[in-house]
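Structure, as structure tokens:
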Amino acid sequence: MKKKFSFILLTVSMILVVGCTGGKANYEDGLHSEEAEIDDRGWKSTITITVVDGKIKEVDYDEVNEEGISKTKDTEYAELMKKETGISPEEAFQKLEKELKSSQDVDKVDVVSGATSSSNEFKSLAKEALGL
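Just so you know, this note's numbering puts 107 at position 102 of the sequence shown, and the rest follows in order with no gaps.
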């Protein structure tokens, strides 16, 4: 009876230890940057991810056109996007960045409604930058 109890206690302890480790990736410290080719709409996506102590601390994502103008700084583009989709590039990018920092997992970042292409590009570049 004592052996059976010890075995059950050990098994439960192992399950708790494994279950509480979180499953979040332990990324390599440093700056991780990646940029895409210019897409068919004329935008190039860039991302820089700062990792400290194995955790994502900062994320900076943007898209720039062939003239080097950022989507987040292009007020005409931002106003048009906001009118058409209900969200501006800056709002969408901040949402993606925040979600990656809080989840620590690219696959857990949700697509932002109204910014589907940018969301997919964000996730793809983040994976490349982190070596996933």
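Every residue gets a Cβ at the ideal spot worked out from N, C-alpha and C, and that includes glycine.
Sorting 117, 34, 83, 93 by C-alpha distance to the C-alpha of residue 53 places 34 at the top. With contacts defined as CB atoms closer than 8 angstroms, residue 116 and residue 132 fail to qualify as a contacting pair.
Every beta strand (DSSP E) stretch that sits fully inside the segment 56-99 and reaches 3 residues is listed by chain position as 60-70. Rounded to whole angstroms, the gap between the alpha carbons of residue 56 and residue 39 is 14 angstroms. Around the C-beta of residue 105, 16 or more other C-beta atoms lie within 10 Å, and the residue is accordingly described as buried. In this chain, residue 126 is not harboured by any beta strand (DSSP E); it is covered by the alpha helix (DSSP H) spanning 121-134.
According to DSSP, residue pairing for residue 106 in a beta bridge does not occur. For residue 37 against residue 120, the beta-carbon gap comes to about 22 angstroms, at or over 8 angstroms, which does not count as contact. Taking a C-beta distance under 8 angstroms as the contact criterion, residue 32 and residue 59 qualify as a contact pair.
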